[in-house]
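Chemist: Heads up: the sequence lines are chains G and R, in that order. In terms of this note's numbering, the first sequence is residues 1 to 498. In terms of this note's numbering, the second sequence is residues 499 to 996. Don't be surprised by glycine CBs; every beta carbon is placed ideally from N, CA and C.
There are 2 protein chains.
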Amino acid sequence: MTVQGYDPRTGEPVGDGVAETTAEQVESVLAGAAAAFPAFRSTPPGVRAQFLTLLADRLDAAAGELVPLAVAESGLPVPRLTGEVARTSAQLRLFAQVITEGDYLEAIIEEADPGATPPRPPLRRWLEPVGPVLVYAASNFPFAFSVLGGDTASALAAGAPVVVKAHGSHPALSAATAELAARAVADAGLPAGVFGIVFGDQQGVQALRDRRIKASGFTGSTAGGRFLFDVAAARPDPIPFFGELGSINPAVVTPAAVAARPEDLVSGFVGSFTLGTGQFCTKPGLLFLPAGHGLGPALSAAVEAAAAGPLLNARIAGQLEKGLAGLAEHPGVSETATGEQAPAQGSWASPRLFTTTTAELRADPDGLTAEHFGPAALIVEYTDPADLFAALGAVEGSLTASVQAEPGDDFPLPELLEVLGERAGRVVYNGWPTGVAVSWAMNHGGPWPSTTNSAHTSVGATAIRRWLRPVSFQSVPEELLPPALQDANPWGIPQRRP
Amino acid sequence: MTVQGYDPRTGEPVGDGVAETTAEQVESVLAGAAAAFPAFRSTPPGVRAQFLTLLADRLDAAAGELVPLAVAESGLPVPRLTGEVARTSAQLRLFAQVITEGDYLEAIIEEADPGATPPRPPLRRWLEPVGPVLVYAASNFPFAFSVLGGDTASALAAGAPVVVKAHGSHPALSAATAELAARAVADAGLPAGVFGIVFGDQQGVQALRDRRIKASGFTGSTAGGRFLFDVAAARPDPIPFFGELGSINPAVVTPAAVAARPEDLVSGFVGSFTLGTGQFCTKPGLLFLPAGHGLGPALSAAVEAAAAGPLLNARIAGQLEKGLAGLAEHPGVSETATGEQAPAQGSWASPRLFTTTTAELRADPDGLTAEHFGPAALIVEYTDPADLFAALGAVEGSLTASVQAEPGDDFPLPELLEVLGERAGRVVYNGWPTGVAVSWAMNHGGPWPSTTNSAHTSVGATAIRRWLRPVSFQSVPEELLPPALQDANPWGIPQRRP
Chain G
1 MTVQGYDPRT GEPVGDGVAE TTAEQVESVL AGAAAAFPAF RSTPPGVRAQ
51 FLTLLADRLD AAAGELVPLA VAESGLPVPR LTGEVARTSA QLRLFAQVIT
101 EGDYLEAIIE EADPGATPPR PPLRRWLEPV GPVLVYAASN FPFAFSVLGG
151 DTASALAAGA PVVVKAHGSH PALSAATAEL AARAVADAGL PAGVFGIVFG
201 DQQGVQALRD RRIKASGFTG STAGGRFLFD VAAARPDPIP FFGELGSINP
251 AVVTPAAVAA RPEDLVSGFV GSFTLGTGQF CTKPGLLFLP AGHGLGPALS
301 AAVEAAAAGP LLNARIAGQL EKGLAGLAEH PGVSETATGE QAPAQGSWAS
351 PRLFTTTTAE LRADPDGLTA EHFGPAALIV EYTDPADLFA ALGAVEGSLT
401 ASVQAEPGDD FPLPELLEVL GERAGRVVYN GWPTGVAVSW AMNHGGPWPS
451 TTNSAHTSVG ATAIRRWLRP VSFQSVPEEL LPPALQDANP WGIPQRRP
Chain R
499 MTVQGYDPRT GEPVGDGVAE TTAEQVESVL AGAAAAFPAF RSTPPGVRAQ
549 FLTLLADRLD AAAGELVPLA VAESGLPVPR LTGEVARTSA QLRLFAQVIT
599 EGDYLEAIIE EADPGATPPR PPLRRWLEPV GPVLVYAASN FPFAFSVLGG
649 DTASALAAGA PVVVKAHGSH PALSAATAEL AARAVADAGL PAGVFGIVFG
699 DQQGVQALRD RRIKASGFTG STAGGRFLFD VAAARPDPIP FFGELGSINP
749 AVVTPAAVAA RPEDLVSGFV GSFTLGTGQF CTKPGLLFLP AGHGLGPALS
799 AAVEAAAAGP LLNARIAGQL EKGLAGLAEH PGVSETATGE QAPAQGSWAS
849 PRLFTTTTAE LRADPDGLTA EHFGPAALIV EYTDPADLFA ALGAVEGSLT
899 ASVQAEPGDD FPLPELLEVL GERAGRVVYN GWPTGVAVSW AMNHGGPWPS
949 TTNSAHTSVG ATAIRRWLRP VSFQSVPEEL LPPALQDANP WGIPQRRP
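(1) Cβ closer than 9 Å: which chain G residues qualify as neighbours of L528/R?
(2) For M442/G, count neighbouring C-beta atoms within 10 Å of its own C-beta (all shown protein chains included) and say buried if the count is 16 or more, exposed if not.
(3) Name the chain G residues that come within less than 7 Å of N928/R, Cβ to Cβ?
(4) Would you mind giving the Cβ-Cβ distance between L265/G and V253/G, rounded to the nearest angstrom? I have them listed as a contact below 8 Å.
(5) Give me the chain R residues within the contact set of V521/G, using Cβ-Cβ distance strictly less than 8 Å, ordered along the chain.
(6) Out of curiosity, what's the CA-to-CA distance linking P577/R and P566/R?
(7) Any idea which residues DSSP pairs A922/R with across the strands?
(8) Residues of chain G with CB under 8 Å from V969/R, in chain order?
(9) In chain G, which residues lie with their C-beta within 8 Å of the C-beta of R759/R?
(10) Give a yes or no on whether the minimum CB-CB distance between F727/R and chain G is below 9 Å.
(11) With a Cβ-Cβ cutoff of 9 Å, do G895/R and S745/R count as a contact?
(12) Using the C-alpha atoms, what's the distance from K283/G back to I493/G?
(13) Does the beta-carbon of T500/R have 16 or more other beta-carbons within 10 angstroms, so that it is buried, or is it exposed?
(14) According to the neighbour-count rule (16 or more other Cβ atoms, all chains shown, within 10 Å of its Cβ), is A166/G buried or exposed?
(15) Taking only the alpha-carbon atoms, compute the straight-line gap between A207/G and F241/G and give it to the nearest angstrom.
(16) Taking the alpha-carbon of R41/G as reference, which of E128/G, E12/G, E110/G has the nearest alpha-carbon?
(17) Specify, as a first and last residue, the run of the alpha helix (DSSP H) that P255/G falls within.
(18) Does I711/R come out as helix, strand or coil in the three-state DSSP assignment?
(19) Is there a C-beta anywhere in chain R that falls below 9 Å from the one on A62/G?
(20) So, are the CB atoms of V661/R and P640/R less than 9 Å apart?
(21) I want to see whether chain G comes within less than 9 Å of E604/R, judged by CB atoms only; does it?
(22) Compute the Euclidean distance between the alpha carbons of V926/R and V476/G, then round it to the nearest angstrom.
(23) Would a check of beta-carbon distances place D601/R closer than 9 Å to chain G?
(24) Determine which residues share a DSSP beta bridge with R9/G and list them.
(25) Quick one: is S832/R buried, meaning 16 or more other Cβ sit within 10 Å of its Cβ, or exposed?
(26) Between which two residues does the alpha helix (DSSP H) harbouring Q319/G extend?
(27) Between G613/R and chain G, is there a C-beta pair that is closer than 9 Å?
(28) Which residues in chain G sit within 8 Å of A588/R, going by Cβ to Cβ distance?
(29) So D735/R contacts chain G; which residues on that side make the cut at Cβ distance below 9 Å?
(30) Give the single residue among R497/G, A308/G, A455/G, R496/G whose Cα lies nearest to the Cα of K712/R.
(31) Taking 8 Å as the threshold, find out whether the stretch 612–625 of chain R comes into contact with the stretch 718–738 of chain R through three or more Cβ pairs.
(32) So, helix, strand or coil for A443/R, using DSSP?
(33) Give the residues of chain G in contact with S937/R, contact being defined as C-beta atoms less than 8 Å apart.
(34) Counting C-beta neighbours from all protein chains within 10 Å, is the total for P931/R 16 or more, i.e. buried, or is it exposed?
(35) Any heavy atom of the ligand HEM closer than 8 Å to the beta-carbon of H293/G?
(36) Could you spell out where the beta strand (DSSP E) holding S472/G opens and where it closes?
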């Protein structure tokens, strides 16, 4: 069996495919990860920071070789993928910074207090890596959420060996990136098991069920993520499964914003929901506009002028077609506009915009707030703030929620931001949600179904917390403490002494 | 239907029981919690700190009324329960400190960086409460892990309304404590739904399945915790279930320690495993001694002199009896000593000590490393460090792991501490694991099966993290930001600016 990539622009196979990993090879990868853990978890952060920097350098240096593979297997354009390589290497470098700075270890040092109830011995707490981590690569970011993407970078930074389950849409790129990673592991003098990869869906499930895997990260569809979440939860020893699934990403425009910036709003929204052929987890899928907004003609014109684009694979194309057929037939929904017609070959999609009302949304929230992965969005017309808030209450959790408002806006913005903050992990003001900065304060996570665990982010510095667990040391002498908890503090990390 | 408490010392019912909550009442409690959330989550930390302090004061003031109820329903002695009230009120006060200090909010403020890849808008991140939390009370701490215990205290501190599922072993105490809590909520001017309670096992499951509950905490048996974990994971919208289940808590003694402190080791170990009739989640259930340790006679004498004690309820007594019968019949295990004979009435248990070897443990880890909740422990004789490490590798995750060693010990202690730190959430040096300080650096959590999620603690300041989720605000103007993220910083909390 091989995992075969296809060019979504033509439907033609790319290369000869990559052999699925055999069950014995999966076993060997898992054994390697487990064997590498004791040594890798004990490496000083500086060693891992050098390793992450080496990975970043190698990735940048290999861009010329890897980008063409990515273009062929994803249909995404060269500038986007070149930028994505830069984003991915910057992400590796950010985690090198994070572990060098050391606050992520959450070191707390507490002296004894014999008078406390109950008496307190000397206690020192920090975070240690959980063990080998299984990373499911996503289709829509062949670099940034794939073999050396954010899950891998944050887990390696934490000191956790990584086993990647390659995405079936870009096997050749995954194999080439994995080779690069394995060479960097060897050149850094780390155990080979620090990085491994498996190809094939069943192989991913075999790894997820294995006791040596201690946590897993995933970015993909709600159906796929839910299946794997259930596998992780059903283990004799359940493990945390950090899945980023579907997200509808509501955006709200106030009447004052419509009045002040009609053209910007139309171009910004259509640009955002059609960017990358609509294949971002942060695509704004619902736009709440005040009834009588008058933007209809401009929206239609912008959508009609928008280009068709290739979807990442035939499965995504099939699901989008089915989902939008349901939306088009919905009695409470009208189709507003369609963009450039898609070519017949490959897996292309046309931009499509639909319109409904808050009353229809509240009557059928499941039908009208489901994510359609691709260049499609639904306008929802609201009458007043109370009507809007009631409708937002029927929208499930999202990665983002956006608001477009004006200075001195008479809309109840504090209440609106509270409602949005309860339903999303990132609140965007006068911006569109596509474009996710890789930084210290980013949060890319949100209530179900946007993630399986809203307590964590999969992008940004704090994503490392997913692969860590606290351990306290009670009355342990200085020379037996981990370096981070020693009074001598050889790693120079922040030690909190409350 | 009523929930009926029994005096474990006599087997006699205590009072007339407490009526099970009706399904309609459960619905009302859940609706109240959901309705209280928007107001409660917006309270400044100072308001919640005052409320927690009020709860602590009221609990202390009611000790004279509550402790006799607890004695009757748990069989635990007055001094232990009086101390437990003090521990529980101190815990409420610790969380008042935690939220006043404000580091728990993990506020990060990051300026824009248009030159980053991708460009970075201004981002501000903090943690918000997840929503209403369901707390399952435990039997073995009628105060500290019950209605106003650590899960409740940390969730209220976070700004999450709490619904308690009362433990069936102390319904009268739970009802009285809940009345106290409800009065404090009212006197603090908070919405009534901030605190609710339900009685009955099915009622607990009804609440756990309800979409308004966003997370759950549990302390209890592995079987009960696993059942509820599965319920939480099987929801259409799975929620985090933080269960503290069974723990075997291995303790290791080096040859040097045996030689230096034989009497202290014997009295310390027997005191720890029989304390509170062995009903602590941190009871040392396995003691690794070097072969030829020569402590046998002293251990036998200490166990034979140890008093029988009441178990918390008849179910625990039945499970202990069954578990120890299996251990006694195990061909690789010998019974070392039995303590005072238990009276026939009620649910009493005698201290019991067994002995086996590392070879037997490795041959049947499931049979020999299972927790027996009660005053029982198993000595495991090891030959050398390599033999010990191999045996420890067969012991499942624990809350604690302890080591007894000497200054200048020639045992490979760094390796031992690494092995123990990988398998437990707290490493205790020259101490016994019973007695859990409620403090900033405590960790009370560990790998499966000791908890369902080793990334968090259920005791100590950082237990609050379980009920929080990050939210980032992008480009949001100062006046619309949460107070904790404003430049003006009206709450005076730490704001990290990387």
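Modeler: Taking the geometry as given:
(1) One-based indexing of the second sequence puts residue 528/R at position 30. Near L528/R there are no residues of chain G at all, since even the closest Cβ is about 16 Å away, more than 9 Å.
(2) Residue numbering aside, residue 442/G sits at position 442 when the first sequence is read from its first letter. M442/G should be labelled buried.
(3) Numbered from its first residue, the second sequence carries residue 928/R at position 430. Here the neighbours are S475.
(4) Stepping through the first sequence from its first residue, residue 265/G is reached at position 265. Stepping through the first sequence from its first residue, residue 253/G is reached at position 253. At roughly 6 Å, the Cβ-Cβ gap stays under 8 Å, so L265/G and V253/G are in contact.
(5) Since the first residue of chain G shown is 1 and the last is 498, residue 521/G is not available in this structure.
(6) Looking up residue 577/R in the second sequence gives position 79. Looking up residue 566/R in the second sequence gives position 68. Each residue's Cα considered, the two are about 11 Å apart.
(7) On the second sequence, residue 922/R is found 424 positions in, with the first residue counted as 1. DSSP lists S896/R as partners of A922/R.
(8) What you label residue 969/R is simply residue 471 of the second sequence in a count that begins at 1. In chain order: G421, A424, G425, R426, V427, N443.
(9) For the purposes of this step, residue 759/R is taken as the residue at position 261 of the second sequence. Ordered by position in chain G, no residue passes the 8 Å Cβ test against R759/R, which lies about 15 Å from the chain.
(10) By 1-based counting over the second sequence, the position of residue 727/R is 229. So yes, F727/R belongs to the interface.
(11) Indexing the second sequence from 1 puts residue 895/R at position 397. Indexing the second sequence from 1 puts residue 745/R at position 247. Yes, the Cβ-Cβ distance between G895/R and S745/R is below 9 Å.
(12) Translated into positions along the first sequence, residue 493/G becomes position 493. Translated into positions along the first sequence, residue 283/G becomes position 283. Cα to Cα, the separation comes out at about 38 Å.
(13) Numbered from its first residue, the second sequence carries residue 500/R at position 2. Exposed, because fewer than 16 other Cβ atoms sit within 10 Å of the Cβ of T500/R.
(14) In the first sequence, counting from the first residue as 1, residue 166/G sits at position 166. Counting Cβ neighbours within 10 Å, A166/G comes out buried, since at least 16 surround it.
(15) Here residue 207/G refers to the residue found at position 207 when the first sequence is read from its first residue. Here residue 241/G refers to the residue found at position 241 when the first sequence is read from its first residue. Taking the straight line joining both Cα atoms gives about 13 Å.
(16) Counting from one through the first sequence, the residue named residue 41/G turns up at place 41. R41/G has its Cα closest to that of E128/G, out of E128/G, E12/G, E110/G.
(17) In the first sequence, the residue the question calls residue 255/G occupies position 255. First-last of the alpha helix (DSSP H) with P255/G: 255–260.
(18) Position 213 of the second sequence, counted from the start, is the residue given in the question as residue 711/R. DSSP places I711/R in coil when its eight states are reduced to three.
(19) Working through the first sequence from its first residue, we reach residue 62/G at position 62. No, A62/G lies away from the interface with chain R (no Cβ there is under 9 Å from its Cβ).
(20) In the second sequence, residue 661/R corresponds to position 163, counting from 1. In the second sequence, residue 640/R corresponds to position 142, counting from 1. Going by C-beta atoms, V661/R is not nearer than 9 Å to P640/R.
(21) Translated into the one-based positions of the second sequence, residue 604/R becomes position 106. Closer than 9 Å: yes.
(22) Looking up residue 926/R in the second sequence gives position 428. Looking up residue 476/G in the first sequence gives position 476. Going by the C-alpha atoms only, they are around 7 Å apart.
(23) Position 103 of the second sequence, counted from the first residue, corresponds to residue 601/R. So, interface residue.
(24) Residue 9/G sits at position 9 when you count from the first residue of the first sequence. DSSP output for R9/G lists no bridge partner at all.
(25) As a first step, residue 832/R must be located in the second sequence, where it is residue number 334. Its Cβ having fewer than 16 others within 10 Å, S832/R is exposed.
(26) Sequence index remark: in the first sequence, residue 319/G carries index 319 (1-based). Here the alpha helix (DSSP H) through Q319/G covers 314–329.
(27) As a working note, residue 613/R is residue 115 in the second sequence. Judged by the 9 Å Cβ criterion, G613/R is not in contact with chain G.
(28) As a working note, residue 588/R is residue 90 in the second sequence. Within 8 Å Cβ-Cβ: A116, T117.
(29) Indexing the second sequence from 1 puts residue 735/R at position 237. In chain order: E396, G397, P447, W448, P449.
(30) Numbered from 1 along the second sequence, position 214 holds the residue referred to as residue 712/R. The residue with the shortest Cα to Cα distance from K712/R is A455/G.
(31) In short, these stretches do not touch, since the Cβ pair count stays below three.
(32) Since the first residue shown for chain R is 499 and the last is 996, residue 443/R is missing from the structure and cannot be characterised.
(33) The sequence position of residue 937/R within the second sequence is 439, counting from 1. Within chain G, the residues near S937/R are E110, D113, A116, R120, L123.
(34) Working through the second sequence from its first residue, we reach residue 931/R at position 433. Buried: at least 16 other Cβ atoms inside 10 Å.
(35) Because no ligand of any kind appears in the structure shown, any question about the ligand HEM cannot be addressed here.
(36) Here residue 472/G refers to the residue found at position 472 when the first sequence is read from its first residue. That run of the beta strand (DSSP E) goes 468–474.
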